[in-house]
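Engineer: In this text, residue positions in the sequence shown follow the working numbering: the first is 410, and each later residue adds one. C-beta: ideal position from N, C-alpha, C; glycine also.
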Amino acid sequence: MAGDLRAGESGREGGTSVKCPRCLNSNAEASLFCRGCGYLLLPNEEVECENHSGTVAVGVCVMCGKPVCGDCSVTREGKMYCDDVAHSQMAADFTKLATLANEFEADIIVKNLSLNGVTARQFAAKHYAQFFSFANASPVSVFVNGKSTEEAKRLLKDMDLEEFLTY
Ligand SMILES: [Zn+2]
Ligand SMILES: [Zn+2]
Ligand SMILES: [Zn+2]
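Shown next as structure tokens:
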């Protein structure tokens with residue numbers, strides 16, 4: 410399977426997708442980076458590290474899309490993150506709970522969860538718009554501490570906000 414970059418058999422509408430050889434995530438054709446793990450999909454394309462000019466990036470942070478090199482990237486469970494520890498921490502210790510159209514909605518959810526004792530954080534892609542080489546379908550995401558995921562889901566349902574749940 411490793412060499413099988415083309416994933417036309419996935420049958421997604423609107424053309425071909427490219428399967429990442431590392432994480433098997435399906436990416437839009439001609440994607441420079443894998444949305445699933447952050448690694449560069451087109452090794453012949455040289456992208457400069459955002460932190461170290463003149464150094465070739467090995468991938469992008471899966472949270473913010475920032476191009477990073479081997480020296481300033483962090484890999485956790487096969488996914489690449491930038492030097493902002495909040496990004497790798499959020500992904501390792503937090504679970505994506507909901508996706509929202511804007512920060513006001515996310516704020517309401519974060520505040521309500523906090524009032525009920527669930528630690529939540531929001532992540533807005535727009536703050537990193539300059540880095541986003543992959544289109545981000547969810548402008549604002551709410552993350553909760555992994556241990557509280559079930560509790561948070563229940564709270565959102567109680568608040569009639571379950572339509573925003575990621576899954
Ligand atoms: Zn991947
Ligand atoms: Zn980042
Ligand atoms: Zn670097």
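Gln531 by DSSP, collapsed to three states: which one?
Structural biologist: Counting from 1 along the sequence shown, the entry for residue 531 is found at position 122. Gln531 falls in the strand class under three-state DSSP.
Engineer: So does Asp493 have its beta carbon nearer than 8 angstroms to some heavy atom of ligand 2?
Structural biologist: Your numbering for residue 493 matches position 84 in the sequence shown. Asp493 Cβ: within cutoff of ligand 2.
Engineer: May I ask you to check if the CB of Leu433 is nearer than 8 angstroms to at least one heavy atom of ligand 1?
Structural biologist: Mapped onto the sequence shown, residue 433 falls at position 24. Flag set: Cβ of Leu433 near ligand 1.
Engineer: Would you call the region 438-445 and the region 463-482 touching, i.e. three or more CB-CB distances under 8 angstroms?
Structural biologist: Judged by Cβ distances under 8 angstroms, the region 438-445 makes contact with the region 463-482, as three or more pairs qualify.
Engineer: Can you name the start and end residues of the beta strand (DSSP E) that Thr508 belongs to?
Structural biologist: As a first step, residue 508 is located in the sequence shown; it is residue number 99 there, counting from the start. Segment 503-509, the beta strand (DSSP E) holding Thr508.
Engineer: Report, in whole angstroms, the separation of the C-beta atoms of Cys446 and Gly487, which I expect to be a contact under 8 angstroms.
Structural biologist: Working through the sequence shown from its first residue, we reach residue 446 at position 37. Working through the sequence shown from its first residue, we reach residue 487 at position 78. 6 angstroms between Cβ atoms; contact.
Engineer: To the nearest angstrom, report how far apart Ala538 and Cys473 are at their CA atoms.
Structural biologist: As a first step, residue 538 is located in the sequence shown; it is residue number 129 there, counting from the start. As a first step, residue 473 is located in the sequence shown; it is residue number 64 there, counting from the start. Roughly 8 angstroms separates the two Cα atoms.
Engineer: Here's the rule I'm using: 16 or more other beta-carbon atoms within 10 Å means buried, otherwise exposed. How should Phe532 be labelled?
Structural biologist: Along the sequence shown, one-based indexing puts residue 532 at 123. Under this definition Phe532 is a buried residue.
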